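Quick mapping for you: the protein sequence lines, in order, are chains A and B.
Heads up, the working numbering is the position in the first sequence plus 2, with the first residue counted as 1.
Heads up, the working numbering is the position in the second sequence plus 2, with the first residue counted as 1.
Cβ atoms here follow ideal geometry from the backbone N, Cα and C, with glycine treated the same way.
Keep in mind the model is a prediction, meaning the values are calculated, not measured.
Contents: one structure, followed by commentary.
There are 2 protein chains.
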Amino acid sequence: MATPSIKEVAHRAGVSVGTVSNVLNRPWIVAPATRQRVQDSIRALGFVRNEAARHLRAGKSRTVGLIVLDVANPFFTDIAEGAESLAYEHDTVVMLCNSKTDPVREGHHLDQLEQQRVLGILITPFDSNDPRLTAMVSRGTPVVLVDRAADRGLCSVSVDDQLGGRLAGNHLIEAGHRRIAFIGGPFTMQQVSDRMAGITATAEEAGGVDLQYYEVDVMGVIEGRKIGEQLAALPARSRPTAAFLANDLLALGFLQAMSVAGLRVPRDMAIVGYDDIDFARAAAVPLSSVRQPAELLGRSAMELLQEEVQAADQHRHRQVIFQPDLIIRESSDYTR
Amino acid sequence: MATPSIKEVAHRAGVSVGTVSNVLNRPWIVAPATRQRVQDSIRALGFVRNEAARHLRAGKSRTVGLIVLDVANPFFTDIAEGAESLAYEHDTVVMLCNSKTDPVREGHHLDQLEQQRVLGILITPFDSNDPRLTAMVSRGTPVVLVDRAADRGLCSVSVDDQLGGRLAGNHLIEAGHRRIAFIGGPFTMQQVSDRMAGITATAEEAGGVDLQYYEVDVMGVIEGRKIGEQLAALPARSRPTAAFLANDLLALGFLQAMSVAGLRVPRDMAIVGYDDIDFARAAAVPLSSVRQPAELLGRSAMELLQEEVQAADQHRHRQVIFQPDLIIRESSDYTR
DNA sequence: GTACTGGATTTAGACGATTCAATTCGTGGT
DNA sequence: ACCACGAATTGAATCGTCTAAATCCAGTAC
Chain A
3 MATPSIKEVA HRAGVSVGTV SNVLNRPWIV APATRQRVQD SIRALGFVRN
53 EAARHLRAGK SRTVGLIVLD VANPFFTDIA EGAESLAYEH DTVVMLCNSK
103 TDPVREGHHL DQLEQQRVLG ILITPFDSND PRLTAMVSRG TPVVLVDRAA
153 DRGLCSVSVD DQLGGRLAGN HLIEAGHRRI AFIGGPFTMQ QVSDRMAGIT
203 ATAEEAGGVD LQYYEVDVMG VIEGRKIGEQ LAALPARSRP TAAFLANDLL
253 ALGFLQAMSV AGLRVPRDMA IVGYDDIDFA RAAAVPLSSV RQPAELLGRS
303 AMELLQEEVQ AADQHRHRQV IFQPDLIIRE SSDYTR
Chain B
3 MATPSIKEVA HRAGVSVGTV SNVLNRPWIV APATRQRVQD SIRALGFVRN
53 EAARHLRAGK SRTVGLIVLD VANPFFTDIA EGAESLAYEH DTVVMLCNSK
103 TDPVREGHHL DQLEQQRVLG ILITPFDSND PRLTAMVSRG TPVVLVDRAA
153 DRGLCSVSVD DQLGGRLAGN HLIEAGHRRI AFIGGPFTMQ QVSDRMAGIT
203 ATAEEAGGVD LQYYEVDVMG VIEGRKIGEQ LAALPARSRP TAAFLANDLL
253 ALGFLQAMSV AGLRVPRDMA IVGYDDIDFA RAAAVPLSSV RQPAELLGRS
303 AMELLQEEVQ AADQHRHRQV IFQPDLIIRE SSDYTR
């Protein structure tokens, strides 16, 4: 009934447990005939390795934790995709955790992962200065920040969010907009504040631009829609003529609200999102968006982690920064 | 450097490892003064339990595997949400795995989970008759099918998909549609074929209905959009006047294609989706959809699993079936 | 002073896989 | 016929935690 252990396999094959283990781990040192006998025994008994025992003995596990802010956001699934593809090559498993932008959930996941002695953790943290993170590192679990630049002793993979904000800002200002809304949140999240800083800088440089800020708790479609309704209800004279949203889910919700309210995009309201998820291209009005190389982000993060795990001692933390691209589509382009 | 073990904690507190373990597991049998001393030691050393060792000793782990077809589909994230909430109450962790409707990936995840000796597996399988599944069960890992009815010796939680198909079919036929497209895939997936069977039955009962079938590999926005473009390109006289799509992602893509092609919804094309994800309500034209109680599905599946894990021997497999609801919104309703 | 009680603590195996030093065995060289 | 060598295999220790049984000890009753 209970899953057979290596011991039963050995007994049935008439060899010692050491030999079975050798068949599993270094088959070439086992005589072909013996090897065959052991493999038959394994198959007959339906033996399955016990990962917990391996892990305990080896002192380290073969799983990597990945904590994202929102699994339902394609941006993060793309990251997961990238991370998993590389993990696979390293004979490693990814444990995907969803913090839902909630520090408590995030903490719970960190606890669990640390108890599982994961090889390391890739995380888009709620707060990148969380002392928990450095504590974990000092206790021996490598941490790589994803989509967030690290300053101190951590590896990180990120995209220049200020530049992203600037790209969006310049684009909208050059198109003639003078009342622009920035929508995102919570503002305490570095990504959000960086993007905000970027567009703010361009607005100041240009001068005469009225930039308004709207904060949301979570960046999802529903919230975007809500803010959209709110803006649509304003009189046209005081309503922003363009909106830059800190992610595409917000932008999609916002776009839907415009459509429901009968405002034309981009004529009445130009929209630029962030992340360039597949939905963005496929939206009712194809969405302009600041593209981030999500899958590459995930892959690189995993790469840094594996590097750190293998090099162990003489590893130097690195901060990789990618450049975002502005993808212009109909939602902000009058010329089409 | 290395994480301290219970042994170091014991040494520092001047007690035996057994006492430390007792503080961790049955604190009440330890004298308050000793308990305090141990707890101080734990904190000072930054001790973190080694889950692998606990697991090995206990013979069973504290994690449950959840394999879904598409993490990016909110329907499945809702299921995960439900499963996790209950898992939390049982001091259990959920490992979320994404099969991406790919049997190979699914198999890989199954292997990993079995090696980890997970408490059990919740899965929306690609093929519910996969012999792997029953093999795993016979080797001792309980499996609960999610969103899929089991016949043989398995627990399952599902929604009556035939009924769902009938609800959509009746609704569209009563509204006068006589050329209807069914879109989904792969048709080998039971959910899809059941929904198809449902609407087919209503069409046959009504008579004089031309029901056309379109198959896709994966049910995502992109694919929906593609089929939408394809239908939009047909001459109006032969084009279906209504479409029933096997999930909301497809429906959303389809809807976008209509909008781009200048077809009005529902006047030129009525649309009914499936799952009633949040996006559906928030779409440019709010989407009619067959609602499934996703979170409840996840919770119930976890409930069945926990039941089976605890009862162990005298457990009888159960097949829970929920009823879907048709939510009518603008995308199929002329009267609004 | 002895025997007993009950609470507090320790001790001594497991659990399953891995690894490495030790052993066995067959073969070839001399 | 004997030794040496290498290939194949074994045996035992180990990882960190848990638990049942054993031990210790202070206090109490007689």
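CA-to-CA distance, residue j to residue i, given in whole angstroms
i	j	result
Pro283 of chain B	Ile185 of chain A	According to the sequence provided, residue 283 of chain B is Arg. The question's Pro does not apply to it. C-alpha separation (whole angstroms): 22 Å.
Ala46 of chain A	Arg39 of chain A	10 Å
Cys99 of chain A	Gln294 of chain A	21 Å
Leu68 of chain B	Thr126 of chain A	22 Å
Ala12 of chain A	Phe49 of chain A	11 Å
Thr21 of chain A	Arg51 of chain A	15 Å
Pro237 of chain A	Val220 of chain A	27 Å
Ala253 of chain B	Glu231 of chain B	12 Å
Asp196 of chain B	Val161 of chain B	10 Å
Pro268 of chain B	Phe256 of chain B	12 Å
Arg56 of chain A	Pro6 of chain B	19 Å
Lys228 of chain B	Lys9 of chain A	55 Å
Ser233 of chain A	Asp72 of chain B	The residue you asked about is not Ser; residue 233 of chain A is Leu in the sequence shown. Going from the Cα of Leu233 of chain A to the Cα of Asp72 of chain B covers about 34 Å.
Asp383 of chain B	Glu108 of chain B	The structure shown has nothing for residue 383 of chain B, since chain B only spans 3 to 338.
Val146 of chain A	Leu124 of chain A	5 Å
Phe324 of chain A	Val159 of chain A	8 Å
Ala15 of chain B	Asp42 of chain B	8 Å
Leu26 of chain B	Asp315 of chain B	29 Å
Ser240 of chain A	Val292 of chain B	41 Å
Glu217 of chain B	Leu247 of chain B	10 Å
Ala137 of chain A	Pro105 of chain A	16 Å
Leu115 of chain A	Glu53 of chain A	15 Å
Val322 of chain B	Glu176 of chain B	30 Å
Gln308 of chain B	Asp80 of chain A	32 Å
Asp153 of chain B	Phe128 of chain B	16 Å
Pro29 of chain B	Asp113 of chain A	20 Å
Ala194 of chain B	Gln258 of chain A	Per the sequence presented here, residue 194 of chain B reads as Val, with Ala not at that position. Approximately 29 Å, taken between the alpha carbons.
Phe189 of chain B	Pro133 of chain B	20 Å
Tyr276 of chain A	Ala313 of chain B	49 Å
Arg320 of chain B	Glu305 of chain B	11 Å
Chain A residues whose Cβ lies nearer than 8 Å to that of residue i
i	result
Ser261 of chain B	Ala286
Arg134 of chain B	None at all; the shortest Cβ gap to chain A is about 12 Å.
Pro76 of chain B	Ala74
Own chain partners of residue i with C-beta closer than 6 Å, once the 5 adjacent residues on each side are dropped
i	result
Ala244 of chain A	Leu174, His179, Ile182 and Ala272
Ile279 of chain B	Pro76, Phe77 and Asp250
Leu135 of chain A	Val145
Val70 of chain A	Phe78 and Thr126
Met97 of chain A	Thr65 and Gly67
His317 of chain A	Glu310
Proximal residues of chain B, C-beta to C-beta of residue i below 7 Å
i	result
Gly210 of chain A	Near Gly210 of chain A there are no residues of chain B at all, since even the closest Cβ is about 34 Å away, more than 7 Å.
Ala4 of chain A	Gly142
Ile224 of chain A	Asp280 and Ala284
Same chain only: Cβ atoms within 7 Å of residue i, ignoring 5 sequence neighbours per side
i	result
Ile31 of chain A	Asn24
Thr36 of chain B	Val17 and Thr21
Asn172 of chain B	Thr204
Ala151 of chain B	Ser158, Ser160, Gln321 and Ile323
Proximal residues of chain A, C-beta to C-beta of residue i below 9 Å
i	result
Leu307 of chain B	None at all; the shortest Cβ gap to chain A is about 18 Å.
Leu98 of chain B	Val73, Met97, Leu98, Cys99 and Asn100
Arg119 of chain B	Thr5, Val50, Asn52, Glu53 and Ala54
Chain-ordered chain B contacts of residue i [CB-CB under 8 Å]
i	result
Glu116 of chain A	Val50
Ser63 of chain A	Ala54
Arg227 of chain A	Ala284
Thr79 of chain A	Val73, Ala74 and Asn100
Partners in chain A for residue i, counting only beta-carbon separations shorter than 7 Å
i	result
Ala2 of chain B	Chain B is shown from 3 up to 338; residue 2 of chain B falls before or after that span and cannot be answered.
Inter-stretch contact (C-beta, 8 Å, three-pair minimum) for the region 167–175 of chain A and the region 196–209 of chain A: Cβ pair count under 8 Å is three or more, so yes.
Is there contact here, the region 246–265 of chain A with the region 273–291 of chain B, by at least three beta-carbon pairs under 8 Å? yes
Are the region 204–212 of chain B and the region 136–153 of chain B touching by the rule of at least three beta carbon pairs closer than 8 Å? In this structure the region 204–212 of chain B does not lie against the region 136–153 of chain B, because fewer than three pairs of beta carbons, one per stretch, are closer than 8 Å.
Could you say if the region 71–86 of chain A and the region 297–305 of chain A meet the contact criterion of at least three C-beta pairs nearer than 8 Å? yes
contact_flag[the region 53–64 of chain A, the region 106–126 of chain A] where n(CB pairs < 8 Å) is 3 or more: yes
Which parts of the region 146–192 of chain B are runs of the alpha helix (DSSP H), unbroken and 4 residues or longer, counting only runs that do not cross its ends? 163–176
Contiguous beta strand (DSSP E) assignments of at least 3 residues, all confined to the region 278–309 of chain B: 290–293
Alpha helix (DSSP H) runs wholly inside the region 14–81 of chain B, at least 4 long, in chain order: 19–27, 34–47 and 53–60
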